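K.L.:
If you're matching positions, the sequence shown starts at 48 in my numbering and goes up one per residue.
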Amino acid sequence: MRAELAEPRLDRRRVLTGFVACGFFAAAGARPLRAEAVPEDRRFLVFRRGEEIGTHAVTFAVAPQGLRVRHEIDFVVKLAFIPIYRYRQAGEDLWREGKLVASDVETDDNGERTSVRIRERQGRLACEGPRGVLEAALGTMTDLSCWNVAIVRQRRLIDCQHGELAPLAMDGGVLETIEVEGRPIAARRWRMNPQGSRGGEVWYDEAGRIVKAVVRTRGEVLDYRLL
């Protein structure tokens, strides 16, 4: 939200790291998937202060060049039933042999629109965004890539809203029993940026699929519930 509003503005930057699931190789007990395997589509309801504010969905399809991944995020924060903040993000990625090789993301952050374009060029990733042009190593992921459990091994991510590199620290992998859709399941909990002011927690089941997430930023807590 804007500075003049009493409610604090939701900070999506570097924090809502995709949070949708399935992975290409084992991490802390997750079973590996073949490169050609298509992960399950995922859709989450997102809550803030107990109120539903929107959805985050990721869908997958086989493409001639690899795996096509589509992202749709739509949040609306209301005050006395009046919308005071809206966040929309839509993206499409191409993954090949477990690596991101192309991405196009459009973001509308309460009226502020940005575009980020990523392409593989000569064994590197070239990213064009509102903050300019940067290069990253092939194998670098974006902050929409938490559908891939391999993100727990990343140290930097490309911010899909601003087109810049952001540090990432992940620790944990502790096996817990949690309740998802009314039933207990075994899942491993990872903490994002545990020493920073922005971070959260994400739970992957033993197949590498995300089943739960909590995001904490600037005093806000966003709860992701699997549909």
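Every residue, glycine too, gets a C-beta built ideally from N, C-alpha and C. Only a predicted model underlies this, so the values are computations on that prediction, with no experimental measurement involved.
1) Is the beta carbon of Leu172 closer than 8 Å to that of Glu182?
2) Exposed or buried, which one is Arg200 when buried takes at least 16 other CB atoms within 10 Å?
3) Could you give the uninterrupted runs of the beta strand (DSSP E) lying entirely in the region 182-216, keeping only those of 3 residues or more?
4) So Ala213 and Arg203 are in contact, right, with Cβ under 8 Å, and what is the actual spacing, rounded?
5) Under 8 Å, do Trp194 and Arg89 count as touching if we go by C-beta distance?
6) Starting from Leu126, trace the beta strand (DSSP E) both ways and give me its first and last residue.
7) On the DSSP letters alone, give me the boundaries of the beta strand (DSSP E) that Asp155 sits inside.
8) Spatial neighbours of Arg117 within its chain, please: CB distance less than 6 Å, with the 5 preceding and 5 following residues excluded, ordered by chain position.
9) With a CB to CB cut of under 7 Å and the five nearest residues on each side skipped, what residues in its chain are close to Pro177?
10) For Thr224, count the other beta carbons within 10 Å of its own beta carbon; 16 or more makes it buried, fewer makes it exposed. Which is it?
11) Below 8 Å on the Cβ atoms is my guess for Arg263 versus Gly247; work out the distance and round it to an integer in Å.
12) Counting along the chain, where does the beta strand (DSSP E) carrying Pro231 start and finish?
13) Which of the three DSSP states is assigned to Gln136 in this structure?
14) Ile165 and Ala149: beta carbons closer than 8 Å?
P.N.:
Here's the rundown:
1) In this structure, Glu182 lies near Leu172, with their beta-carbon atoms less than 8 Å apart.
2) Flag for Arg200 reads exposed.
3) Under the rule that a run must span 3 or more residues, the beta strand (DSSP E) segments found entirely inside the region 182-216 read 203-206, 211-214.
4) Right, their Cβ atoms sit about 7 Å apart.
5) Against a cut-off of 8 Å, the Cβ pair of Arg89 and Trp194 comes out as a contact.
6) From DSSP, the beta strand (DSSP E) with Leu126 extends over 113-126.
7) In the DSSP annotation of this structure, the continuous segment of the beta strand (DSSP E) that includes Asp155 starts and ends at 146-156.
8) These residues qualify, in order along the chain: Thr106, Glu139.
9) Taken in chain order, the residues that qualify are Thr161, His209, Gly210.
10) It is exposed - the Cβ of Thr224 has fewer than 16 other Cβ atoms within 10 Å.
11) So it is a contact: roughly 5 Å between Cβ atoms.
12) Per DSSP, Pro231 belongs to the beta strand (DSSP E) from 230-239.
13) In this structure, Gln136 counts as strand in the three-state DSSP scheme.
14) Yes, Cβ-Cβ distance for Ile165 and Ala149 is below 8 Å.
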